[in-house]
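Engineer: Before I ask anything, let me first share the structure, which is written out below as structure tokens.
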Amino acid sequence: MDAAASKEVVLAFFNDMANGNGADAMALLDDRATWWVSGDPRHVPIAGTYTKDTFGDLMSIVDKAMPSKLSMTVTSVTADVDRVAIEANPQGVSPTGEKYNNSNVFIVELRDGKITSIREYYDTMHTSAVFFGTRYTRP
Numbered sequence: 024m025d026a027a028a029s030k031e032v033v034l035a036f037f038n039d040m041a042n043g044n045g046a047d048a049m050a051l052l053d054d055r056a057t058w059w060v061s062g063d064p065r066h067v068p069i070a071g072t073y074t075k076d077t078f079g080d081l082m083s084i085v086d087k088a089m090p091s092k093l094s095m096t097v098t099s100v101t102a103d104v105d106r107v108a109i110e111a112n113p114q115g116v117s118p119t120g121e122k123y124n125n126s127n128v129f130i131v132e133l134r135d136g137k138i139t140s141i142r143e144y145y146d147t148m149h150t151s152a153v154f155f156g157t158r159y160t161r162p
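Laid out in structure tokens, this is it:
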């Protein structure tokens, strides 16, 4: 696979996720794929590592926090043969009407045309505040 093909697979995955095509997105994941979400799970309940089998747990948490669904604008893509970096801005509205507008970076690794790992970096404090109502103040 070349860089362009890797980019195409990763963008298809995120497009499928954004459009509710979960089965198509899951088909792009290797059976041993992992999705790591940055943060401390004690403060950010979505933080941690998910497998292809437990990925639905992550989506359930996000769906509960953002029942009107998240939209995501991809602002930058850098592709190599087996790695793709995506900068994106997910947006949504919480059940309490609070706006979610974050900046995320996804590092995606591929092997044999399938996604093997995703590492997600984002503003954990903003996510905790909007998704879970956790507020932090400076001491």
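Residue numbering for the sequence shown is 24 to 162, as defined by our numbering. Think of the CB as a built atom: it goes at the ideal place given N, C-alpha and C, for glycine as much as any other residue.
In the DSSP assignment, find the unbroken alpha helix (DSSP H) run with threonine 147 in it and report its ends.
Structural biologist: Locating residue 147 in the sequence shown gives position 124, where the first residue counts as 1. Per DSSP, threonine 147 belongs to the alpha helix (DSSP H) from 147-155.
Engineer: Please return the same chain residues whose Cβ sits closer than 8 Å to the Cβ of aspartate 103, not counting the five positions on each side in sequence.
Structural biologist: The residue given as residue 103 occupies position 80 in the sequence shown. Correct list, in chain order: Ala26 and Ser29.
Engineer: Which class does glutamate 110 belong to by DSSP, given the choice of helix, strand or coil?
Structural biologist: The residue you call residue 110 lines up with position 87 of the sequence shown. Correct three-state label for glutamate 110: strand.
Engineer: In whole angstroms, give me the CA-to-CA distance for alanine 111 and phenylalanine 129.
Structural biologist: Against the sequence shown, residue 111 aligns to sequence position 88. Against the sequence shown, residue 129 aligns to sequence position 106. Their backbone Cα atoms lie some 8 Å apart in a straight line.
Engineer: Does the distance from the C-beta atom of valine 153 to that of tyrosine 123 stay below 8 Å?
Structural biologist: Working through the sequence shown from its first residue, we reach residue 153 at position 130. Working through the sequence shown from its first residue, we reach residue 123 at position 100. Yes, they are a contact pair.
Engineer: When DSSP labels each residue in this structure, what does leucine 18 get in the three-state scheme?
Structural biologist: Beyond the ends of the chain as shown, which are 24 and 162, falls residue 18; an answer cannot be given.
Engineer: Just checking my contact of isoleucine 109 with aspartate 53 at CB under 8 Å: how many whole Å lie between their CB atoms?
Structural biologist: Translated into positions along the sequence shown, residue 109 becomes position 86. Translated into positions along the sequence shown, residue 53 becomes position 30. Wrong, their Cβ atoms sit about 18 Å apart, outside the cutoff.
Engineer: Counting pairs of Cβ atoms below 8 Å between the segment 40-53 and the segment 64-71, do you hit three or more?
Structural biologist: Contact between the segment 40-53 and the segment 64-71 is absent, because fewer than three Cβ pairs lie under 8 Å.
Engineer: With a CB to CB cut of under 8 Å and the five nearest residues on each side skipped, what residues in its chain are close to serine 91?
Structural biologist: Taking the first residue of the sequence shown as position 1, residue 91 is located at position 68. Within the same chain, serine 91 has close Cβ partners Gly115 and Val116.
Engineer: Which word fits asparagine 42, buried or exposed, when buried means at least 16 other C-beta atoms lie within 10 angstroms of its C-beta?
Structural biologist: The residue labelled residue 42 in the question sits at position 19 within the sequence shown. Exposed.
Engineer: Does the beta-carbon of serine 99 have 16 or more other beta-carbons within 10 angstroms, so that it is buried, or is it exposed?
Structural biologist: Working through the sequence shown from its first residue, we reach residue 99 at position 76. The residue in question, serine 99, is exposed, as its Cβ has fewer than 16 Cβ neighbours within 10 Å.
Engineer: Would you mind sorting arginine 46 into buried or exposed? The rule is 16 or more other CB atoms within 10 Å of its CB.
Structural biologist: Here the question's residue 46 lines up with position 23 in the sequence shown. Contrary to the premise, residue 46 reads as alanine rather than arginine in this sequence. By the neighbour-count rule (16 or more Cβ atoms within 10 Å), alanine 46 is not buried but exposed.
Engineer: Start and end of the beta strand (DSSP E) containing alanine 26?
Structural biologist: Taking the first residue of the sequence shown as 1, we reach residue 26 at position 3. From DSSP, alanine 26 is part of no beta strand (DSSP E) but of the alpha helix (DSSP H) over 26-41.
Engineer: Are asparagine 127 and tyrosine 144 close, meaning C-beta to C-beta below 8 Å?
Structural biologist: Position 104 of the sequence shown, counting from 1, holds the residue named residue 127. Position 121 of the sequence shown, counting from 1, holds the residue named residue 144. Taking 8 Å as the Cβ cut-off, asparagine 127 and tyrosine 144 qualify as a contacting pair.
Engineer: Starting from alanine 50 and walking both ways along the alpha helix (DSSP H), at which residues does that stretch end?
Structural biologist: For the purposes of this step, residue 50 is taken as the residue at position 27 of the sequence shown. First-last of the alpha helix (DSSP H) with alanine 50: 45-50.
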